[in-house]
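Student: Residue numbers (my numbering), protein chains in the order written: chain A, 25 to 135; chain B, 2 to 116. Mind having a look at this structure? Questions to follow.
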Amino acid sequence: GENVEQHPSTLSVQEGDSAVIKCTYSDSASNYFPWYKQELGKRPQLIIDIRSNVGEKKDQRIAVTLNKTAKHFSLHITETQPEDSAVYFCAAAGGGNKLTFGTGTQLKVEL
Amino acid sequence: NAGVTQTPKFQVLKTGQSMTLQCAQDMNHEYMSWYRQDPGMGLRLIHYSVGAGITDQGEVPNGYNVSRSTTEDFPLRLLSAAPSQTSVYFCASSYFLGAALGELFFGEGSRLTVL
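And the structure:
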């Protein structure tokens, strides 16, 4: 089955700096790569996603890049703000409709 | 729309007891799934369903049963609770974009403690 590895497990940045979280996946048939944000005590919520026919996608301060050859994808957050502090999960899904999550990155944005 | 509704929010069980976590969605989503979340381990798929009458196993199905008799409901049954099943459980539903999975919408979660 699919295996998704996510790094780093914790990330601390200063407000206004950029944050990058990286994930690798094992199944070359995977074609859908979403990112979820989970605030403390809350449910995960989708922040951005990308499909395998696209190399990059942006939504305001958030961007995701996908390298199918290397089987890795990354989340980029620019101009970080305190409200960006949360746990971020990457995930990958293929033809089997199983969405496999990474182990999460705790992002802390310090004032 | 209520979205995805899970009950109960909290439950304490004794080892060997059985229980059912309820999940209902009102978005007419074909896809429904159950995940468990443990510290440092992310979200792990237990079971999922791509439509009424169809269920399949995820990464960690042992000790759990599911059924999908209607589009709206996807209950998760713990047959004989064990301390290793202490976790936060999330139900999630989604639509399909053609054959591809769309955004997962999560319930609020159910915190289960097995003593």
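Note that beta-carbon positions come from the ideal geometry of N, C-alpha and C, so glycine has one too. Being a predicted model, the structure only gives us computed values, none of them experimental.
1. Just the C-alpha distance for T56/B and N63/B, rounded to the nearest angstrom, thanks.
2. For the stretch 77-87 of chain A against the stretch 27-42 of chain B, do three or more pairs of beta-carbon atoms, one drawn from each stretch, fall closer than 8 Å, so that the two count as touching?
3. Which word fits S85/B, buried or exposed, when buried means at least 16 other C-beta atoms lie within 10 angstroms of its C-beta?
4. Could you give the DSSP three-state label for Q38/B: helix, strand or coil?
5. Quick check on P58/A: buried or exposed, where buried means 16 or more other Cβ atoms within 10 Å of its Cβ?
6. Considering just the uninterrupted stretch of the beta strand (DSSP E) at S94/B, what are its terminal residues?
7. Would the beta-carbon of S208/A fall within 9 Å of that of K46/A?
8. Using the C-alpha atoms, what's the distance from Q38/B back to K10/B?
9. Identify the contact partners of M42/B in chain A, using a Cβ-Cβ distance below 7 Å as the criterion.
10. Could you pull the start and end residues of the beta strand (DSSP E) that K46/A belongs to?
11. Could you tell me which chain B residues have their CB closer than 8 Å to the CB of P58/A, listed as they occur along the chain?
12. My understanding is that L105/B touches L70/A, with C-beta atoms under 8 Å, so please give their C-beta distance in whole angstroms.
13. Are the beta-carbon atoms belonging to L22/B and L80/B less than 9 Å from one another?
14. How would you write the range of the beta strand (DSSP E) that P32/A sits in, first residue to last?
15. Is there a Cβ from chain B that is less than 9 Å from the Cβ of T48/A?
16. Taking the beta carbon of Q7/B as the centre, do at least 16 other beta carbons fall within 10 Å, making it buried, or is it exposed?
17. Would you say T72/B touches the ligand HEM, meaning its beta carbon is less than 8 Å from a heavy atom?
18. Can a CB atom of chain A be found closer than 9 Å to the CB of Y90/B?
19. Can you name, in chain order, every residue of its own chain whose Cβ lies under 7 Å from the Cβ of F97/B, other than the five neighbours on each side?
20. With burial defined as no fewer than 16 other Cβ atoms inside 10 Å of the residue's Cβ, what is the status of K66/A: buried or exposed?
21. Counting only the same chain and skipping the five closest in sequence on each side, list residues whose C-beta sits under 7 Å from that of E109/B.
22. P68/A and Y56/A - do their beta-carbons sit closer together than 9 Å?
Tutor: This is what the structure holds:
1. In the second sequence, residue 56/B corresponds to position 55, counting from 1. In the second sequence, residue 63/B corresponds to position 62, counting from 1. The C-alpha of T56/B lies about 14 Å from the C-alpha of N63/B.
2. Flag = no, the stretch 77-87 of chain A and the stretch 27-42 of chain B do not touch.
3. As a working note, residue 85/B is residue 84 in the second sequence. Burial call: exposed.
4. Counted from its first residue, the second sequence places residue 38/B at position 37. Note: Q38/B maps to strand in three-state DSSP.
5. Along the first sequence, read from residue 1 onward, the residue named residue 58/A stands at position 34. Sixteen is the threshold: when 16 or more other Cβ atoms of the shown chains lie within 10 Å of the Cβ of P58/A, as they do, the residue is buried.
6. Start at 1 with the first residue of the second sequence, and residue 94/B comes out as number 93. Segment S88 to S95, the beta strand (DSSP E) holding S94/B.
7. Because chain A in this structure spans residues 25 to 135, residue 208/A falls outside the shown range and cannot be described.
8. In the second sequence, residue 10/B corresponds to position 9, counting from 1. In the second sequence, residue 38/B corresponds to position 37, counting from 1. Taking the straight line from one Cα to the other gives about 14 Å.
9. Numbered from 1 along the second sequence, position 41 holds the residue referred to as residue 42/B. Residues of chain A passing the Cβ test: T127.
10. Within the first sequence, residue 46/A is the residue found at index 22, counting from 1. A43 to Y49 is the span of the beta strand (DSSP E), which, as asked, contains K46/A.
11. To locate residue 58/A, count along the first sequence from 1; it is residue 34. Per Cβ cutoff of 8 Å: E104 and L105.
12. Looking up residue 105/B in the second sequence gives position 104. Looking up residue 70/A in the first sequence gives position 46. Yes, L105/B and L70/A are in contact; Cβ-Cβ is about 7 Å, under 8 Å.
13. Position 21 of the second sequence holds residue 22/B. Position 79 of the second sequence holds residue 80/B. Their beta carbons are not under 9 Å apart, which means L22/B does not touch L80/B by this criterion.
14. On the first sequence, residue 32/A is found 8 positions in, with the first residue counted as 1. Element bounds for P32/A: n/a, residue is neither H nor E.
15. Position 24 of the first sequence, counting from 1, holds the residue named residue 48/A. For T48/A, not one C-beta of chain B is nearer than 9 Å to its own C-beta.
16. Here residue 7/B refers to the residue found at position 6 of the second sequence. Q7/B is buried by the Cβ-count criterion.
17. Of ligands this structure carries none, so the ligand HEM is not represented either.
18. As a working mapping, residue 90/B is identified with position 89 in the second sequence. For Y90/B, not one C-beta of chain A is nearer than 9 Å to its own C-beta.
19. Counting from one through the second sequence, the residue named residue 97/B turns up at place 96. Counting only Cβ-Cβ distances below 7 Å, and skipping sequence neighbours, we find E31, Y32 and G103.
20. Along the first sequence, one-based indexing puts residue 66/A at 42. Burial check for K66/A: the Cβ neighbour count within 10 Å stays below 16, so the residue is exposed.
21. As a position in the second sequence, residue 109/B is number 108, starting the count at 1. Correct list, in chain order: Q7 and K10.
22. Here residue 56/A corresponds to residue number 32 of the first sequence, with the count starting at 1. Here residue 68/A corresponds to residue number 44 of the first sequence, with the count starting at 1. No; because the gap between Cβ atoms is not below 9 Å, this pair is not in contact.
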